Structure formats: C-alpha cells, structure tokens
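*Asks:* Residue numbers (our numbering): 143 to 346. All C-beta atoms, glycine included, are put in the ideal place defined by N, C-alpha and C. Since we're looking at a predicted model, the values are computed, not measured. For reference, the structure I am asking about is given below.
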Amino acid sequence: MLDHVVGGRLLYPFTGFIVLAWRAICKFGGTNYLTTSVVLENFVVHRAVFITRSTQLDVIVSPGNGNFEILNDGQLSASGKIFIVENGKEKEKIDENDTIGSWKNELDNSDLFVLQASDIYKEFLLRGYEFGPSFRCLEETRSDGLKGTIRWQDNWVTFLDATIQTLLIADKRRSSYGAMKLPTKVRYLSINPTKHMQHVLKTG
C-alpha cells in the first residue's frame, strides 16, 4: 500500500476496499478468501482515504444480505453488496480461448496498438500517478484499455488495481495536477480465485 501515491499523497487503493470486503465476508462464512469466489455489486467509494500512521479502517458486513460498509474514523468511506458464490456459478464466464496471442492478433487490421510498461508508467507519472514497484503490474495493454497483460504478484489488491490502470491509460485526456481521475464505482464484479490461479499456472 505504501507505493500507491496519487497527486503526491499516499492514497488507499480503490481495490483495497474491495479486498477488505471480500476478506470480511469470508471471515464470517469461515472460508479462506483465497479459495472463495465472490460477487460484488453496486460498490461505491464515498470518500478517499489518505494513509497516515493512525489510519484505521473498520468493515461492517451483514452476512444475511451481503450489504457492507467500510468506515474510516467513524465516517463512511465505502459501501456495497458482496456475497459468496459457488465456483462456476458466476454470471460472467472467462473466455478460455482469450489468450495473450489471440488478443494481439486482433491488432493486425485495426487502429489499435500495444503500449509497453515503460511507456505506460511514464504516462502515468505525467498525469500525477506515482505508482511504486508493487503497483506496476501492467506489462502491456491494448490502446483501448480493454485487453492487456498483467503480472501476477500473489497480491489481489495490486492485480485488481492493474485492471483499472488499463482503463485509466486508455483515457487520452490528461487531467490537470490535483484533479486526477480516480475510480469511485463498480456496478458488478465477479472474482473467482480458483479459476484465476488455474489460468496463472496454465500460462506460466
């Protein structure tokens, strides 16, 4: 978390809230979040949390309906709904044929191009996103931000953050300093860690 700097300040990652809620609902259910699939709906970050030595986040989850709130110093920082689902029962399915080679082949007859990590994070720095090593997982991305390659570092916060980075880098409109674009909402997110690890092992 200590190398997620935006606008010169240490910002608690948007995806950090997601993982907090994920871990909390699994704790109530007595399961290991690393092997438990979840679906997140209508997730909203209401106020940014800048990390200091005294920062403390509290998670309140209602296991019955999945509603949750994340508080910082007693103030609402994030809320949404999360629930555990049986592996393979998610609405969205992973395209097993959507490999690194396949998405790159789509570039042949289009105006799209590939951005490499060095260019990606140089551009982010110009926009005020000072990502440190842990948050530099995006190895390459298609220029529209819809497909890319993310390095898995055994960390769900940084992995999910990299998926958001692909969309941020695709926005060609640079924000002025102090007004960087930050994610605030997710309507639907499905996480299947078992399927994810199978894919990681398969692709190496």
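What residue range is occupied by the uninterrupted alpha helix (DSSP H) comprising Ala166?
*Replies:* Counting along the chain, the alpha helix (DSSP H) containing Ala166 begins and ends at 156-171.
*Asks:* Could you check where the beta strand (DSSP E) with Ile262 kicks off and where it finishes?
*Replies:* Where Ile262 is concerned, there is no enclosing beta strand (DSSP E), although the alpha helix (DSSP H) it sits in stretches over 259-269.
*Asks:* With distance defined between alpha-carbon atoms, name the residue in Gln307, Gly158, Gly206 nearest to Gln258.
*Replies:* When each option's Cα is compared against that of Gln258, the closest is Gln307.
*Asks:* When DSSP labels each residue in this structure, what does Ser276 get in the three-state scheme?
*Replies:* Note: Ser276 maps to helix in three-state DSSP.
*Asks:* Rounded to a whole number of angstroms, what is the C-alpha to C-alpha distance between Ser204 and Ala166?
*Replies:* If I take the Cα positions, the gap works out to 10 Å.
*Asks:* Let me know if Ile160 comes out buried or exposed under the rule of 16 or more other beta-carbons within 10 Å of its beta-carbon.
*Replies:* Ile160 is buried by the Cβ-count criterion.
*Asks:* If Thr177 sits next to Thr336, beta carbons under 8 Å apart, how far is it from one beta carbon to the other, in whole angstroms?
*Replies:* Between Thr336 and Thr177 the Cβ distance is about 6 Å, and since that is below 8 Å, they are a contact.
*Asks:* Give the single residue among Glu281, Gln295, Asp296 whose Cα lies nearest to the Cα of Lys289.
*Replies:* Nearest option by C-alpha distance: Glu281.
*Asks:* Would you report the Cα separation of Asn207 and Ala163, rounded to the nearest angstrom?
*Replies:* C-alpha separation (whole angstroms): 13 Å.
*Asks:* DSSP three-state label for Thr194, please.
*Replies:* The answer is coil: DSSP assigns Thr194 none of H, G, I, E or B.
*Asks:* Would Ser179 and Val227 be called neighbours here (beta carbons separated by less than 8 Å)?
*Replies:* Yes, they are a contact pair.
*Asks:* Kindly indicate which three-state DSSP category Val148 falls into: helix, strand or coil?
*Replies:* Strand.
*Asks:* Which of the three DSSP states is assigned to Asp200 in this structure?
*Replies:* It is a strand residue.
*Asks:* In angstroms with no decimal places, state the Cα-to-Cα distance between Phe192 and Gln217.
*Replies:* If I take the Cα positions, the gap works out to 13 Å.
*Asks:* Do you know offhand how far Thr157's Cα is from Cys279's?
*Replies:* Straight-line Cα distance between these residues: approximately 14 Å.
*Asks:* Can you tell me whether DSSP reads Val181 as helix, strand or coil?
*Replies:* DSSP places Val181 in strand when its eight states are reduced to three.
*Asks:* Does the beta-carbon of Thr300 have 16 or more other beta-carbons within 10 angstroms, so that it is buried, or is it exposed?
*Replies:* Under this definition Thr300 is a buried residue.
*Asks:* Using a Cβ-Cβ cutoff of less than 8 Å, which residues in the same chain neighbour Glu254 once the five nearest sequence positions on both sides are dropped?
*Replies:* First, the amino acid is wrong: residue 254 is Leu here, not Glu. Cβ within range, chain order: Glu248, Arg284, Ser285, Asp286.
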